Amino acid sequence: MKNYIFPENFLWGGAIAANQTEGAYLEDGKGLTLVDLLPTGQKRWEIMMGKLDSLEPKEGEFYPSHEAIDFYHRYKEDVALFAEMGFKSLRVSISWSRIFPNGDDETPNEAGLKFYDQLFDELLKFGIEPVVTIAHFDVPVNLIKTYGSWRNRKLVKFFENYATTILERYKDKVKYWMTFNEINMLLHLPFVGAGLVFKEGDNELQIKYQAAHYQLVASALAVKACHKIIPEAKIGCMLAAGSTYPYTCHPDDVFDGMEKDRESFFFIDVQSRGAYPGYAKRFLKENNISINMEKADEELLKSHTVDYIGFSYYASRSTSTDPEVLKNQTSGNIFGSVENPYLEKSEWGWTIDPKGFRITANQLYDRYQKPLFVVENGLGAVDEMSENREIHDDYRIEYLRKHVAEMGEAMEDGVEILGYTSWGPIDIVSASTGEMKKRYGYIYVDKDNEGKGSLNRTKKKSFYWYKKVIESNGEQI
Ligand code: BG6
263 MKNYIFPENF
273 LWGGAIAANQ
283 TEGAYLEDGK
293 GLTLVDLLPT
303 GQKRWEIMMG
313 KLDSLEPKEG
323 EFYPSHEAID
333 FYHRYKEDVA
343 LFAEMGFKSL
353 RVSISWSRIF
363 PNGDDETPNE
373 AGLKFYDQLF
383 DELLKFGIEP
393 VVTIAHFDVP
403 VNLIKTYGSW
413 RNRKLVKFFE
423 NYATTILERY
433 KDKVKYWMTF
443 NEINMLLHLP
453 FVGAGLVFKE
463 GDNELQIKYQ
473 AAHYQLVASA
483 LAVKACHKII
493 PEAKIGCMLA
503 AGSTYPYTCH
513 PDDVFDGMEK
523 DRESFFFIDV
533 QSRGAYPGYA
543 KRFLKENNIS
553 INMEKADEEL
563 LKSHTVDYIG
573 FSYYASRSTS
583 TDPEVLKNQT
593 SGNIFGSVEN
603 PYLEKSEWGW
613 TIDPKGFRIT
623 ANQLYDRYQK
633 PLFVVENGLG
643 AVDEMSENRE
653 IHDDYRIEYL
663 RKHVAEMGEA
673 MEDGVEILGY
683 TSWGPIDIVS
693 ASTGEMKKRY
703 GYIYVDKDNE
713 GKGSLNRTKK
723 KSFYWYKKVI
733 ESNGEQI
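Right, here's the structure in full:
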């Protein structure tokens, strides 16, 4: 395979999120967060879409986030393993309800703040740069109960207070920040993205776009605060990316593909260019959506744009305007997609398209002309342990190798990329299904879908592969 040249200071690493990793869901004063209400299976889907009847965990139900992989107690062991692989960075999220258990508390929870101090110190001890997402699928449940979550403008203030608190506290430790994880996911999984719960008769589109506006304003305020509190830091947005291909070259299909991409670009256009684009204004008008904006919002969005574009890439998408073709759907990181006959799929139906990674990176760079940061990429797969307790995950190595190569190609195309943090370097709870058996890790965690297992960690074959990639700065993939 060709040798790629990555910059000296390229941030190789991995990415995890508090809600899928930490567990300790009520420990040291932490309050309930939205993911603590997500069980597994079909019920999880319904809730993620905003259909739920109670904001309390139910007796006898299994909630994977409550223990997750117990990172809260085992982070030292895990960080040591990341260090052994040579990680230059680790993307984590801070749990909002560990810091403000109810979201609207007057003062932060010191025990929660302390946990992240210890985590960041541990990372820095090994020269691992923390990359922090302020909100990764995370709203304290009390804010949902009391205020209706991001339907309510009050959330902007609560978020600003939370963001300012952690920026101040960790200003000497954290130089890379992100505001909302996969902000565009709000349109597809409104409960997960924004804590939205719908009742019969709600105008869901109106509510989603209003919530989106409030998150965009909150994001701009966090950017403003970050630039003031830590002038040398970089703060980015985070897009669930993956270009949409038209199924045919029929102009209707091509246009449809462009529209589908714009549904996601809308968020980043605002966060990176600082204003609602014309196509979004037209969409809102044609769908009778009226956004409640305050006078100062436009100026705020304009003045506080992000420094870099963080994105996740798992799969490309395809679209068609032909009803017959539309019948062949596949899943692919939540976004529905027409099956692409040229591409293979993962066990969960997510399209595998390394070249699409290069296409997506180029498209984002052409559009925003700001550095990119690949903050998620990887293959969710079932791993089997052999009798002598080895895991030969060649399929994962194959997926990652091809994607890293395409990232190298994108860089040769002139795309500026700050780093690459593959998703779930240690097995964690799947966001979409709640399963443990959908594994992304270089490190195996002994836990099954029902929550049983020793939680012991075991290195997989890919552990040694990734170590070599980092050691050679991407030359040996
Ligand atoms: C992204 C999310 O959508 O995809 C992560 O930011 C998530 O939280 C990842 O885990 C992979 O998805 P899943 O459903 O396989 O865990």
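So the sequence shown is residues 263 to 739, counted in the working numbering.
All C-beta atoms, glycine included, are put in the ideal place defined by N, C-alpha and C.
Predicted model only: the values in this text are computed from it and were never measured.
So, for residue i: in the same chain, excluding its five sequence neighbours on each side, which residues have a beta-carbon less than 8 Å away from its beta-carbon?
i: V394; result: R353, V354, S355, I356, I428, Y432, V436, Y438, W439 and M440
i: A667; result: M263, K264, Y266, P616 and I739
i: K729; result: E346, M347 and G348
i: L405; result: N364, G365, D366, S411, L417, F420 and G457
i: H475; result: I553, N554, M555 and D559
i: E323; result: P301
Please return the same chain residues whose Cβ sits closer than 6 Å to the Cβ of residue i, not counting the five positions on each side in sequence.
i: L294; result: V403
i: A277; result: R353, V637, E638, T683 and W685
i: G285; result: E329, A330, D332 and Y334
i: H654; result: K723
i: T567; result: S534 and G536
i: R663; result: I739
i: P326; result: V691 and G696
i: M447; result: G455 and A502
i: D675; result: N624
i: P539; result: D531
i: V731; result: I739
Is DSSP giving residue i helix, strand or coil here?
i: S574; result: strand
i: G540; result: helix
i: C511; result: coil
i: V644; result: coil
i: Y702; result: coil
i: E652; result: coil
i: S526; result: helix
i: I428; result: helix
i: A277; result: strand
i: S481; result: helix
i: T369; result: coil
i: V403; result: helix
i: P452; result: helix
Check the C-beta distance from residue i over to residue j and give it rounded, since I have them as a contact under 8 Å.
i: I445; j: L385; result: Contact flag wrong, Cβ pair sits at about 25 Å.
i: T592; j: R306; result: With 8 Å as the limit, T592 and R306 do not qualify as a contact, their Cβ atoms being about 19 Å apart.
i: A456; j: V418; result: Actually they are not in contact, since the Cβ atoms of A456 and V418 sit about 12 Å apart, beyond 8 Å.
i: R658; j: S724; result: 5 Å
i: L680; j: P633; result: 5 Å
i: R620; j: E671; result: 5 Å
Mind checking residue i: buried by the 16 CB within 10 Å criterion, or exposed?
i: L588; result: exposed
i: F517; result: exposed
i: S376; result: At residue 376 the sequence reads Lys, which differs from the Ser that was named. That one is exposed.
i: P452; result: buried
i: E391; result: buried
i: Q282; result: buried
i: G611; result: exposed
i: T510; result: exposed
i: A342; result: exposed
Take residue i and list the residues in its own chain whose beta-carbon comes closer than 7 Å to its own, dropping the five residues that flank it on each side.
i: I361; result: P370, N371, G374, L375, Y424, T427 and I428
i: V459; result: G312, L314, I406 and F453
i: G715; result: D708 and K709
i: K486; result: H566
i: Y570; result: K496, G498, K632, P633, L634, F635 and L680
i: L317; result: L299, V403, I406 and K407
i: E462; result: none
Can you find at least 3 beta carbon pairs, one from the stretch 407-414 and one from the stretch 267-281, that sit closer than 8 Å?
-> The stretch 407-414 vs the stretch 267-281: no contact.
Using 8 Å as the Cβ pair cut-off and three pairs as the minimum, do the stretch 578-587 and the stretch 643-662 touch?
-> Contact between the stretch 578-587 and the stretch 643-662 is absent: fewer than 3 CB-CB pairs across the two stretches fall below 8 Å.
Tell me, please, whether the stretch 597-606 touches the stretch 529-537 by the rule of three or more beta-carbon pairs shorter than 8 Å.
-> By the criterion of at least three beta-carbon pairs nearer than 8 Å, the stretch 597-606 is not in contact with the stretch 529-537.
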